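Numbering (my numbering), first residue to last: 258 to 646.
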Ligand SMILES: Cc1ncc(COP(=O)(O)O)c(C=O)c1O
């Protein structure tokens, strides 16, 4: 059981706002904030490089924390400045040629699809969308049947940006592994929300962000690169951190995931991300997931009872992201009206998940994403405020 009063006391933002934009950026807890600001203050006193040297062990420990969070080893973690950057580091390190097939899912995030389309344009590779089951998740049997020797990559999201859907990531992993196809999982919305184990999932690559369900600072993220995959990947950009200039005409890449990193980074944000990972693990990812499932269901139930409101989530398991429309209220107007009542939600448009939103003929959606520190009272307030629109 999570001590809700304690986690709220640790979260300064809860005194000001009912925050249901955790899928956008959550509220940082005090220990994360202190870690970031404390480090920045130290930099002003000691100097940037000197502070980094002093905290070398702490910075190194962040890899261990992130590895533990996803069930990896620390040599399989690369730090990045966002989930998209992490995902792109992996994707752009793969080589595609004419006729190569990339398989993805209907709810794939826009930035990933834009990268697919760019590579398709440049190389003649083709992007194919695997159909869903009637409940909304990727249909794993169809995925299996679609695979042939031209499939070079399976890249899907664990949870999309625009619904509570949870894709069966481990079932996809089993299919990918049977066929020996590289598997890239966008876990941007799932890390911090539910337990993640890359071994169980069977993915080769996984990308995640700091600011969402992990509750870390903005401007940070990370990539998991499995040991078995790292040597097959040639990073698009290398510097003197990812590789060593061994002779005038020769360089050697690092053998671990850090070949994907650049030398310069924000140590304050890295430490904040590590602190956020530890904070989540101290609470317990199982307990977080259980509470998120409960609160998500409570919110969906409350909203469904409001005349004129339609909940738009799909999936046989539904997590923290709750999406809905309100008759005669454009989503952006609803968001602004709720903000004026100190309730934060966001808006999802077809520009962020076009395959899915077009297929379901959806307009812009209001997205209310719960986290474990939200209360039942806050949910009642949100439902009442939506009813009063
Ligand atoms: C499913 C999904 N993938 C990737 C991203 C991109 O994350 P970031 O903004 O950290 O790059 C998002 C952001 O909302 C997302 O919802």
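We put the CB at the ideal spot given by N, CA and C, even for glycine. Please read all numbers here as calculations on a predicted model, not as lab measurements.
- Residue 308 and residue 286 have their C-alpha atoms some 23 Å from each other.
- The three-state reading of DSSP puts residue 447 in coil, since its state is none of H, G, I, E or B.
- Going by DSSP, residue 615 is part of no beta strand (DSSP E) but of the alpha helix (DSSP H) stretching over 611-616.
- When beta bridges are read from the DSSP output, residue 293 appears opposite no residue.
- Beta-carbon to beta-carbon, residue 471 and residue 449 are separated by about 3 Å, close enough to satisfy the 8 Å threshold.
- Its chain contains 322, 323, 326, 471 as the residues whose beta carbon lies nearer than 7 Å to that of residue 534, once the 5 sequence neighbours on both sides are disregarded; these appear in chain order.
- Closer than 7 Å to some heavy atom of ligand 1: that describes the Cβ of residue 414.
- Under the three-state reduction of DSSP, residue 488 is assigned to coil, being neither helix nor strand.
- DSSP places residue 478 outside any alpha helix (DSSP H); the residue lies instead in the beta strand (DSSP E), whose first and last residues are 478-482.
- Runs of the alpha helix (DSSP H) lying entirely within the stretch 258-311, each at least 4 residues long, are 261-266, 287-303, 305-311 in chain order.
- The alpha-carbon separation between residue 406 and residue 487 amounts to approximately 21 Å.
- In the structure shown, residue 498 adopts coil according to DSSP, grouped into three states.
- Uninterrupted beta strand (DSSP E) stretches at least 3 residues long and entirely within the stretch 546-628 occur at 566-568, 578-583, 603-605, 622-626, given in chain order.
- Taken from the Cβ of residue 450, every heavy atom of ligand 1 lies 7 Å or farther away.
- For residue 457, the uninterrupted alpha helix (DSSP H) run begins and ends at 455-458, by DSSP.
- For ligand 1, a non-hydrogen atom lies closer than 7 Å to the CB of residue 368.
- Boundaries cannot be given for residue 515, as no beta strand (DSSP E) includes it and DSSP labels it neither H nor E.
- Contact between residue 362 and residue 373 is absent: CB atoms are separated by about 12 Å, not below the 8 Å threshold.
- Judged by DSSP in its simplified three-state form, residue 369 adopts helix.
- Placement of the Cβ of residue 445 at a distance of less than 7 Å from at least one heavy atom of ligand 1 is found.
- Contact between residue 399 and residue 388 is confirmed by a C-beta separation of about 6 Å, below the 8 Å threshold.
- The shortest C-alpha to C-alpha distance from residue 480 to any of 466, 491, 493, 489 is the one to 466.
- For residue 322, the enclosing alpha helix (DSSP H) starts and ends at 313-327.
- For residue 516, the closest of 284, 490, 456, 410 by C-alpha to C-alpha distance is 490.
- A straight line joining the alpha-carbon of residue 408 with that of residue 319 spans about 35 Å.
- The Cβ atoms of residue 510 and residue 497 lie no closer than 8 Å to each other.
- Taking non-hydrogen atoms of ligand 1 into account, the C-beta of residue 340 is found less than 7 Å away from one of them.
- Contact between the stretch 558-577 and the stretch 348-361 is absent: fewer than three C-beta pairs spanning the two stretches fall below 8 Å.
- Here residue 521 is exposed. Its C-beta has fewer than 16 other C-beta atoms within 10 Å.
- With a cut-off of 7 Å, the C-beta of residue 529 is classified as distant from ligand 1, since no heavy atom of the ligand falls inside that distance.
- Placement of the Cβ of residue 417 at a distance of less than 7 Å from at least one heavy atom of ligand 1 is found.
- Straight-line spacing of the CA atoms in residue 382 and residue 353 works out to 6 Å.
- Assignment of residue 429 by DSSP, reduced to helix, strand and coil, places it in the helix class.
- The beta carbon of residue 328 is closer than 6 Å to those of 454, 455, 456 in its chain, skipping five residues each way along the sequence.
- Take the alpha-carbon of residue 291 and the one of residue 631: they are about 22 Å apart.
- In the three-state scheme derived from DSSP, where H, G and I count as helix and E and B as strand, residue 355 is classed as coil.
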